[in-house]
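> Structure below; questions to follow.
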Amino acid sequence: MSLLTENTHWAGDEHRMFAEMVERFLADEMAPNIDGWVEAGVVDRDFWLKAGATGIMSGAVDEAFGGVGGDIGFDAIALYAQARLGDVNWGMGIQSIVTHYIGAYGSQEQKARWLPGLVSGQTIGAIAMTEPSTGSDLQAVRTTATQDGNQYSINGSKIFITNGWTADLIITVAKTAKDAGSKGVSLIVVETEGTEGFRRGQPLKKLGMKGNDTCELFFEDMKVPMTNLLGADEGQGFYQLMKQLPWERLLIAIQAVGAIDFAIAETVAYTQERKAFGQRVMDFQNTRFKLAECKTKAEVLRSFTNDCIGRLIDGKLDAATASMAKYYGSEVQGQVMDECLQLFGGYGFMQEYPISRAYADARVQRIYGGTNEIMKELIARSLDV
Ligand SMILES: Cc1cc2nc3c(=O)[nH]c(=O)nc-3n(C[C@H](O)[C@H](O)[C@H](O)COP(=O)(O)OP(=O)(O)OC[C@H]3O[C@@H](n4cnc5c(N)ncnc54)[C@H](O)[C@@H]3O)c2cc1C
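Residue 28 in numbering that gives the first Met the number 0 sits at position 29 of the sequence shown, and the numbers go up by one each step.
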């Protein structure tokens, strides 16, 4: 299976060639490492560098900054391929988000400084929005950035930060004006190496995504040059976040399509082999009907997701439609994982079977990137105008 079908209108020959290259690379170099990453709780830097060398992270970055100057479809293809092979640990999705923020709002100097490292895998990116006291309500963040000479002094903490343990560059949401509501929010890029006042918590122990280093971050009078503000003026952060969130949400739907294709393939293979009452589990009508339902959901989701990718490439993906993709994709993913696991019987509950990990990994898709309740709120708002 692939994200692309014959009818995928946004995909040209270059996308299709890229898809073949990425699928080959990830099958050879990523898939054999997944168990090790889960064991270690982190993806090793060598893999980031190998991935960077293939150009996987460069598709949508300008040539001037080490990329190939294509569109977001290249990132979509890579994210699907990762999920299709059953991985959620490599933080390529966050890397893509970070790269797009810098591409969209960075000055020429900032782009030249940061993008080549993000493309090559030398620099691992993270985005730090969520805080212990607030996740869904981003306007309520408490982290502050106050001017101290030509630096910001940043105080506060963040939680649940994907790639947090390894990140070299963290786009951090902070209040630069205390009582200005959403107009007081800014995005500041923290370069972690040697930064005074920056501290990471130990990687958090999670239900799924166990091979990703999800961390707490602590900022105590952390000093960051004021030139690391993203965008020309302070107070643009909320607007910048809202503009970029459609990609963050759509990529969750893309990962859902990949994970669903993975689960269906695993389940078909298993039920063709497994026997009960003298026949293949695949031969029971219930199995066939359940898999038929899952496959139908996969194809509906693939079409809608590809439509959204096309809209995003054309600059026409609105917040409500991106929210529908995230909400629907992650819900369908949860349903399919549950049905597929059931068809494995007791083996589906055993960690050595990839379906068990895929089931656990799927759960967070309904939570991060904005919870599905928040997605429904955004969709409803678009109706109630
Ligand atoms: C594995 C993992 C990785 C993550 N990675 C990152 C990351 O890289 N960067 C980052 O910044 N964050 C990250 N997050 C955080 C994630 O985005 C938040 O957990 C999420 O946005 C929800 O925020 P919260 O946990 O504070 O929940 P809360 O906001 O406290 O919500 C609790 C419950 O209340 C509901 N709720 C809240 N407001 C409303 C409302 N208005 N209407 C109806 N229901 C509502 C929610 O839907 C939820 O069910 C990650 C989280 C996890 C688990």
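Glycine residues also receive a C-beta, built at the ideal position from the N, C-alpha and C atoms.
Every value quoted in this text rests on a predicted model; they were computed, and no experiment measured them.
Suppose the cutoff is 7 Å on Cβ atoms and the five residues either side in sequence are ignored; what does the same chain contact list for I251 look like?
K325, G328, S329, Q364, G368, listed in sequence order.
> Grab me the residues of R83's own chain with a C-beta within less than 6 Å of its C-beta, minus the 5 sequence neighbours each way, in chain order.
Only G257, D260, F261 meet the Cβ criterion.
> Mapping DSSP to helix, strand and coil, what is E28?
If DSSP states are grouped into helix, strand and coil, E28 belongs with the helices.
> Less than 8 Å between the C-beta atoms of A10 and G66, yes or no?
For A10 and G66, no; Cβs fall outside 8 Å.
> Please name the residue, chosen from T226, N285, D337, M349, that lies closest to Q107 on a Cα-to-Cα basis.
Checking every option, the nearest Cα to that of Q107 belongs to T226.
> Give the range of the alpha helix (DSSP H) segment to which T320 is assigned.
It spans 318 to 342 - the alpha helix (DSSP H) in which T320 sits, taken as one unbroken run.
> Answer yes or no: do N385 and T142 have a C-beta to C-beta separation smaller than 8 Å?
Look at the range of the chain in this structure, 0 to 384, and you will see that residue 385 is not part of it.
> Go through its chain and collect everything with a Cβ distance to L290's Cβ below 7 Å, but skip five positions before and after it.
Counting only Cβ-Cβ distances below 7 Å, and skipping sequence neighbours, we find I263, T266, V267.
> Would you say the beta carbon of G277 comes nearer than 7 Å to a heavy atom of ligand 1?
Not so, every heavy atom of ligand 1 lies at least 7 Å from the Cβ.
> Per DSSP, what kind of secondary structure is A10 in: helix, strand or coil?
Looking at A10 - three-state DSSP - the assignment turns out to be coil, as it is neither helix nor strand.
> According to the Cβ coordinates, are G207 and R362 closer than 8 Å?
Yes.
> For a test of the three-state rule: what should DSSP assign to Y104, helix, strand or coil?
Helix, per DSSP.
> Can M128 be considered in contact with ligand 1, in the sense that its beta carbon sits closer than 7 Å to one or more heavy atoms?
Correct: M128 has its Cβ closer than 7 Å to ligand 1.
> Does the Cβ of S381 lie closer than 7 Å to at least one heavy atom of ligand 1?
Checking the Cβ of S381 against ligand 1 gives no.
> Taking V87 and I126 to be in contact with their CB atoms under 8 Å, please state how far apart those CB atoms are, rounded to whole angstroms.
Their Cβ separation, rounded to whole angstroms, is 17 Å, which puts V87 and I126 out of contact at 8 Å.
> Whose C-alpha, out of V37, Q243, F276, P115, is nearest the C-alpha of L48?
The candidate whose alpha carbon is nearest that of L48 is P115.
> Which residue marks the beginning of the alpha helix (DSSP H) containing K242, and which one marks its end?
Start and end: 236 to 272.
> Along the chain, where does the alpha helix (DSSP H) containing D313 start, and where does it finish?
Taken as a continuous stretch (DSSP letters only), D313 belongs to no alpha helix (DSSP H), as it is neither H nor E.
> Let me check understanding here. Comparing Cα to Cα, which of T194, R199, L203, R15 lies closest to V223?
Minimum Cα distance to V223 is reached at T194.
> Rounding to the nearest angstrom, what Cα-Cα distance links F24 and G180 in this structure?
Cα to Cα, F24 sits roughly 46 Å from G180.
> Could you give the C-beta distance for Q239 and Y100, rounded to a whole number, given that I count them as a contact under 8 Å?
About 7 Å; that satisfies the 8 Å criterion.
> With hydrogens ignored, establish whether the beta-carbon of A111 is closer than 7 Å to any heavy atom of ligand 1.
Answer for A111: no, Cβ out of range of ligand 1.
> Which same chain residues, not among the five before or five after G120, have their C-beta less than 7 Å away from its C-beta?
W47, L48, A50, G51, M56, listed in sequence order.
> Identify every residue that forms a DSSP beta bridge with N154.
DSSP lists T143 as partners of N154.
> Could you check whether the Cβ of M208 sits closer than 7 Å to any heavy atom belonging to ligand 1?
Answer for M208: yes, Cβ within range of ligand 1.
> Measure the Cβ-Cβ separation of G200 and M221 and say whether it is below 8 Å.
Result no, Cβ atoms of G200 and M221 do not sit closer than 8 Å.
> Determine, using beta carbons only, whether T175 and V189 come nearer to each other than 8 Å.
Not a contact, by the Cβ cut-off of 8 Å.
> CA-CA distance, S132 and V140?
Roughly 8 Å between the two C-alpha positions.
> Excluding sequence positions up to five away, which residues of its chain have a Cβ less than 7 Å from the Cβ of F218?
Here the set comprises T142, I153, N154, G155, S156, G196, F197.
> For S135, does the count of other Cβ atoms within 10 angstroms reach 16, so buried, or fall short, so exposed?
It counts as exposed.
> Between Q271 and the rest of its own chain, which residues show a CB-CB distance below 7 Å, the 5 nearest in sequence each way excluded?
Answer for Q271: R279, M281, listed in chain order.
> Consider the C-beta atom of E376 and the heavy atoms of ligand 1; say whether any pair is separated by less than 7 Å.
Yes, Cβ of E376 sits closer than 7 Å to a heavy atom of ligand 1.
> Between which two residues does the alpha helix (DSSP H) harbouring S355 extend?
Residues 353 to 361.
> Would the C-beta of Y151 count as close to ligand 1, meaning under 7 Å from any of its heavy atoms?
Flag unset: Cβ of Y151 not near ligand 1.
> Is T220 helix, strand or coil by DSSP?
Position check: residue 220 holds Asp in this sequence, whereas Thr was assumed. Residue state, collapsed to three classes: strand.
> Counting C-beta neighbours from all protein chains within 10 Å, is the total for G212 16 or more, i.e. buried, or is it exposed?
Going by the sequence as given, residue 212 is Asp instead of Gly. Flag for D212 reads buried.
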